[in-house]
Amino acid sequence: MAATATTTSLEDVPSLDIMTELLRRFKCSSKPDKRLILIGPPGSGKGTQSPIIKDEYCLCHLATGDMLRAAVAAKTPLGIKAKETMEKGELVSDDLVVGIIDEAMKKPSCQKGFILDGFPRTVEQAQKLDEMLQKQGTKIDKVLDFAIDDSILEERITGRWIHAASGRSYHTKFAPPKVPGIDDVTGEPLMQRKDDTAEVLKSRLQAFHKQTKPVIDYYNTKGVVATLPAEKPPKEVTAEVQKVLSS
Ligand code: AP5
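Per UniProt numbering, residue 1 is the first one in the sequence shown, and the count goes up by one each step.
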């Protein structure tokens, strides 16, 4: 189903919303541009830290997993191609994801830079990204490597519940919603991802070690990788991220 564009007249927008947006834009105007990549295995905390970094530095958050899941839910040609591969925990083709990132980076919300979450996941994707950025006269500023032992990840993945519409993520033990199974903000039901099972996690980890770890080496040669202790509690990881990004 194609998305329908809605246009709203400024007169219909509440004054408080306009003021809040103006204040946000004013705050953002003094922030430095940043182009970031978050790399780590499934459940390492990329999606948890991204919204915090996004708000702090006024960046857009481009998560290929979220974009692909939206395409699957909407049954677009892209979603139909990606569905089976994702459910098995394997990587979809480089061409598909490079195309969606190329398009997404043109959004006005990416004007001050972006957070790439879950992309690039292969060295070929990294090379294509470099080519795209070179054409724009820019480059990646920092790669945040969420380092964590595989043994910690099953509990994180199988306990995760998400609010599909917003992408808000909870955990039964580490970040529980106020009411079990219900989104704190909208009161709507939470759901579990199809690939968030112990069984599929094995393939996802295999793909990470074989295809994505080399991406960290690729950026290491460029001297832009910062390794984070992702096994620490969320707030401590946030503090580590802030330390790296403010240096
Ligand atoms: P994607 O959606 O990118 O999944 P992923 O990389 O496997 O990452 P996750 O979203 O599972 O983990 P996360 O690190 O964001 O963890 P979170 O912060 O939520 O990809 C899915 C699929 O799409 C792929 O398998 C592939 O098929 C396809 N795909 C996507 N991009 C692709 C690409 N570029 N190329 C090819 N294919 C692609 O945390 C997890 C849980 O732990 C949460 O419940 C959270 O509350 C909790 N938690 C987080 N941090 C902490 C902490 N510090 N302490 C305790 N609990 C924590």
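Virtual Cβ for every residue (Gly too), placed ideally from N, Cα, C. Only a predicted model underlies this, so the values are computations on that prediction, with no experimental measurement involved.
Exercise. Closer than 7 angstroms: is that where the CB of K27 sits relative to any heavy atom of the ligand AP5?
Worked result: Not one heavy atom of the ligand AP5 is found less than 7 angstroms from the C-beta of K27.
Exercise. From P120, A239, Q206, pick the residue whose C-alpha is nearest to that of G89; which is it?
Worked result: Of the candidates P120, A239, Q206, the residue whose Cα lies closest to the Cα of G89 is Q206.
Exercise. Among V13, Q134, E236, R204, which one has its Cα closest to the Cα of R121?
Worked result: Its Cα nearest to that of R121, the residue R204 stands out among V13, Q134, E236, R204.
Exercise. Which one or two residues does DSSP pair with M191 in a beta bridge?
Worked result: BP columns for M191 point to I162.
Exercise. Alpha carbon to alpha carbon, what distance is there between G167 and G113?
Worked result: In this structure, the CA atom of G113 is about 21 angstroms from the CA atom of G167.
Exercise. Which of the three DSSP states, helix, strand or coil, is assigned to T212?
Worked result: Helix, per DSSP.
Problem set entry | Three-state secondary structure assigned by DSSP to C58 | Look at C58 here: in three-state DSSP terms it is coil, with no helix or strand label.
Problem set entry | T158 CB to nearest heavy atom of the ligand AP5 below 7 angstroms | No - the ligand AP5 has no heavy atom lying nearer than 7 angstroms to the Cβ of T158.
For this session: Look up I140 in the DSSP assignment and say whether it is helix, strand or coil.
Result: Reduced to three states, the DSSP call for I140 is coil.
Exercise. Any heavy atom of the ligand AP5 closer than 7 angstroms to the CB of R121?
Worked result: For R121, the shortest separation between its Cβ and any heavy atom of the ligand AP5 lies below 7 angstroms.
For this session: Identify which residue in G159, T158, G65, Q136 has its Cα closest to the Cα of L116.
Result: Taking only the C-alpha atoms, the option nearest L116 is G65.
For this session: Check whether the Cβ of H61 sits closer than 7 angstroms to any heavy atom of the ligand AP5, and report yes or no.
Result: Relative to the non-hydrogen atoms of the ligand AP5, the Cβ of H61 never comes closer than 7 angstroms to any of them.
Exercise. Which full runs of the alpha helix (DSSP H) of 4+ residues lie inside the region 38-97, going along the chain?
Worked result: Runs of the alpha helix (DSSP H) lying entirely within the region 38-97, each at least 4 residues long, are 46-57, 64-73, 77-88 in chain order.
Exercise. Three-state secondary structure (DSSP) at I18?
Worked result: Three-state result, I18: helix.
For this session: For my contact list, D149 and E231 are in at a C-beta cut-off of 8 angstroms; report their separation, rounded to the angstrom.
Result: About 7 angstroms; that satisfies the 8 angstroms criterion.
Exercise. In whole angstroms, what separates the C-alpha of L96 from that of P233?
Worked result: Cα to Cα, the separation comes out at about 34 angstroms.
For this session: Name the two residues that bound the continuous beta strand (DSSP E) containing T8.
Result: Going by DSSP, T8 is part of no beta strand (DSSP E) at all; its letter is neither H nor E.
Exercise. If we count the other Cβ atoms within 10 Å of its Cβ and call it buried at 16 or more, is F208 buried or exposed?
Worked result: Burial check for F208: the Cβ neighbour count within 10 Å reaches 16 or more, so the residue is buried.
For this session: Could you tell me which residues DSSP puts in a beta bridge with D145?
Result: Its beta-bridge partners are I39, T227.
For this session: Could you work out which residue in L62, T20, M19 is closest to L38 when comparing CA atoms only?
Result: Cα-wise, what sits closest to L38 is L62.
For this session: Name the one or two DSSP bridge partners that G113 has.
Result: Beta-bridge partners assigned by DSSP to G113: K34.
Exercise. Do A82 and A71 come within 8 angstroms of each other at the CB atom, strictly closer than that value?
Worked result: Between A71 and A82, the CB-CB gap stays under 8 angstroms.
For this session: Determine the burial state of residue 297: buried for a count of at least 16 other Cβ atoms within 10 Å of its Cβ, exposed for fewer.
Result: Not covered by the structure: residue 297. The range shown for the chain is 1 to 247.
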